[in-house]
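Using my numbering, you'd call the opening residue of the sequence shown number 1 and step up by one each time. Glycine residues also receive a C-beta, built at the ideal position from the N, C-alpha and C atoms. Quick caveat, the model's predicted, so the values are computed rather than measured.
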Amino acid sequence: MNQPAKLHYSYQVTNISKKEMGFEVLIRVKTQQIIIQEAEDENDLPLRKWMVEIVMLDKDGNEVPADILENCVYYLHKSFENPVQKFTKPPFTISEQGWGEFDMKIVCKLIGKSGKFTIIHDIEFQDNAYAVDYTVQL
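Following this line, the structure appears as structure tokens:
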């Protein structure tokens, strides 16, 4: 996105692993959005361009590349032209445009055959930018 945005952070704990391996990682899902077309009347919603990316947090809370992930698949609302999109390089950035809020499923596969996990991330437009931290048990 072209304009700098103030990030709003929230925290959500989710145990979403299939395989118990004995440690946890903190995954941050960052979302930004801007209005690209104003609503034509008061009953319409403005068209927005939005972007989501995935990073990890180190033990000190610093963002680092999510290089333990082989790929992430985003499952968008069925109204999107391409509702299932797969990304194979950190930060696994998806960029789309639309007018409505929805819950987006994200399935991330760990490198090798170490398993996968699922995050349900809320695409919402109250803030221009926000981040949600998910604790993933591995």
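Can you give the Cα-Cα distance for I123 and Q137, rounded to whole angstroms? Taking the first residue of the sequence shown as position 1, residue 123 is located at position 123. Taking the first residue of the sequence shown as position 1, residue 137 is located at position 137. Using only the alpha carbons, I get a separation of about 23 Å.
Which residue from K78, I36, L110 puts its Cα closest to that of T88? Here the question's residue 88 lines up with position 88 in the sequence shown. Closest option to T88, Cα to Cα, is L110.
Alpha carbon of D103 to alpha carbon of K78, nearest angstrom: Along the sequence shown, one-based indexing puts residue 103 at 103. Along the sequence shown, one-based indexing puts residue 78 at 78. Cα to Cα, D103 sits roughly 11 Å from K78.
Along the chain, where does the beta strand (DSSP E) containing F87 start, and where does it finish? Along the sequence shown, read from residue 1 onward, the residue named residue 87 stands at position 87. Run containing F87: 84-87, per the beta strand (DSSP E) assignment.
Only counting the same chain, and skipping five residues up and downstream in sequence, which positions put a Cβ closer than 6 Å to that of P4? Walking along the sequence shown from the start, residue 4 turns up at place 4. Because the pLDDT of P4 is 40, which lies under 50, any placement of that residue in the model is unreliable, and the question is left without a value.
Kindly indicate which three-state DSSP category H77 falls into: helix, strand or coil? Here residue 77 refers to the residue found at position 77 of the sequence shown. Coil at H77, not helix or strand.
Would you identify the three-state DSSP class for N15, choosing helix, strand or coil? For the purposes of this step, residue 15 is identified with residue 15 of the sequence shown, where counting begins at 1. The pLDDT assigned to N15 is 39, lower than 50, so where the model puts this residue is not dependable, and the model offers no usable value.
Would you list the residues sitting across from L69 in a DSSP beta bridge? Residue numbering aside, residue 69 sits at position 69 when the sequence shown is read from its first letter. L110, per the DSSP bridge assignment.
Please state the DSSP three-state secondary structure of G100. Looking up residue 100 in the sequence shown gives position 100. In the structure shown, G100 sits in coil (DSSP, three-state: anything other than H, G, I, E or B).
How many Å lie between K86 and V55 at the Cα? The residue you call residue 86 lines up with position 86 of the sequence shown. The residue you call residue 55 lines up with position 55 of the sequence shown. Straight-line Cα distance between these residues: approximately 16 Å.
With 16 other CB atoms within 10 Å as the buried threshold, where does L69 fall? Sequence index remark: in the sequence shown, residue 69 carries index 69 (1-based). It counts as buried.
Give the single residue among F23, E24, I119, L47 whose Cα lies nearest to the Cα of E96. The sequence position of residue 96 within the sequence shown is 96, counting from 1. With distances taken between Cα atoms, E96 lies closest to L47.
How many angstroms separate the CA atom of D127 from the CA atom of K113? Residue 127 sits at position 127 when you count from the first residue of the sequence shown. Residue 113 sits at position 113 when you count from the first residue of the sequence shown. About 37 Å.
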